[in-house]
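S.K.: Mind looking over this structure? Questions follow.
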Amino acid sequence: MKKYHVYGIGAALVDKEFEVEDSFFEHESIQKGIMTLVDGESQETLLQRLMDKFGLKKRAGGGSAANSIYAVSQFGGNTFFSCKVANDEFGDYFVQELGDLNIHTNLGDNREDGVTGKCLVMVSPDAERTMLSYLGISETLSKDEIDVDALKDSEYLYLEGYQVTSDTGREACVYARQIANENGVKTSITLSDPAMVQFFRGGLQEMIGEGVDLLFANDVEAKEWAGKETVEESMEEIKKIAKQIVITRGSEGALLFDGENTISIAAHSVKAVDTNGAGDMFAGAFLYAVSAGHDFETAGNLASLAAATTVSNFGPRLPAEKHQEIKKQIIK
């Protein structure tokens, strides 16, 4: 029995969320529905405009893999998360938001001086999230943040595709995957965002190497990667790099491949308020279930309900107690 269910590597960001009008994206020349990296000065300028025009809706701990690891831990899994935050107020807040339940990290009291990364999350009336991220010190995440002993003692390694934009972060992911492969740790990755697939495909291929055990993508990312028109065709192409596959499809549910069978998971009909964190929650709930020994269909059903609950609330994470309510509905 391994000590950790999931070992994650990813960006450590603090989310600032705003409810905006669609016209704001056109006015600010922002591409809707994706994550865009910006420098600190540009982000601060836009932040002031958002504060003046809309007001801050919510502040929350963020980062894609961080959200997934949080979910794994709150469902009951033991986790380790490698990341980097600065010795500033936002870094303190990020650590606090990770919570104290089943999450170990490389972070100590001797964090470096610098600026903790932030993400401006703009939620439009259709509940879609658009993100502008300044990575700050998180961009320097490297092999130094990898706890090799903890990684070896994990069931799954989970890599965040966003790390492809950082040379040291990508190197850290490749290094961690190699350690995992040498020590019988299952490897998993999320493609993270259509822009990562479109503009950083070579780096993602480097992170994936000769293949991973489990790959997460949404339908847009999957079709972009495969160059296919349908999710089903895309899945066939992705089988070349992943033994098992999870493709989320929003209101159409999800399509899974467990290595032998294709499984369709139904979506839950809810009023979407904020899609920020939905994919992260799906991955986190799914990883919790499979690392705890449940089959793909059970994992998919848990993840589907958890993601639906997330989009019906504002913010990327659910309160700790909500996870157990969801779990009781699926896992008896």
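For the sequence shown, numbering that gives the first Met the number 0 gives the first residue as 0, with consecutive numbering after it. All residues carry an ideal CB built from backbone N, CA and C; glycine is no exception.
1) With a CB to CB cut of under 6 Å and the five nearest residues on each side skipped, what residues in its chain are close to GLU16?
2) Roughly how many angstroms lie between the CA atoms of ASP125 and ASP51, to the nearest whole one?
3) So, helix, strand or coil for THR104, using DSSP?
4) Does the Cβ-Cβ distance between ASP146 and SER72 come in under 9 Å?
5) Could you tell me which residues DSSP puts in a beta bridge with ALA253?
6) Check whether the Cβ atoms of GLY160 and THR115 sit closer than 9 Å, and answer yes or no.
7) Does ASN182 come out as helix, strand or coil in the three-state DSSP assignment?
8) Cβ atoms of PHE199 and THR164: under 9 Å apart, would you say?
9) Return yes when the Cβ of ASN66 is within less than 9 Å of the Cβ of ARG248, no when it is not.
10) Which residue spans inside the segment 287–325 form an unbroken beta strand (DSSP E) run of at least 3?
11) Where are the alpha helix (DSSP H) runs, 4 residues long or more, that stay fully inside the segment 140–220, in chain order?
12) On the premise that LEU45 lies in contact with GLU27, defined as a C-beta separation below 8 Å, what is that separation, rounded to the nearest angstrom?
13) Since GLY252 and SER303 should fall inside the 8 Å C-beta cutoff, what is the C-beta to C-beta distance between them, to a whole number of angstroms?
14) With three or more C-beta pairs closer than 8 Å as the rule, is the segment 260–277 touching the segment 291–303?
M.R.: In brief:
1) Within the same chain, GLU16 has close Cβ partners LYS56, LYS57, VAL120.
2) Straight-line Cα distance between these residues: approximately 22 Å.
3) Strand at THR104.
4) Contact: no.
5) Answer is THR247, ILE264, bridged to ALA253.
6) Contact flag unset, no.
7) Coil at ASN182, not helix or strand.
8) Against a cut-off of 9 Å, the Cβ pair of PHE199 and THR164 comes out as a contact.
9) The answer is no: Cβ separation not under 9 Å.
10) Residue ranges of uninterrupted beta strand (DSSP E) with 3 or more members are absent from the segment 287–325; none lies entirely inside it.
11) Segments of the alpha helix (DSSP H) lying fully in the segment 140–220: 147–151, 166–181, 193–198, 200–207.
12) Confirmed, about 7 Å.
13) Indeed, because the Cβ distance is near 6 Å, the residues count as touching under 8 Å.
14) Enough Cβ pairs lie closer than 8 Å, so yes.
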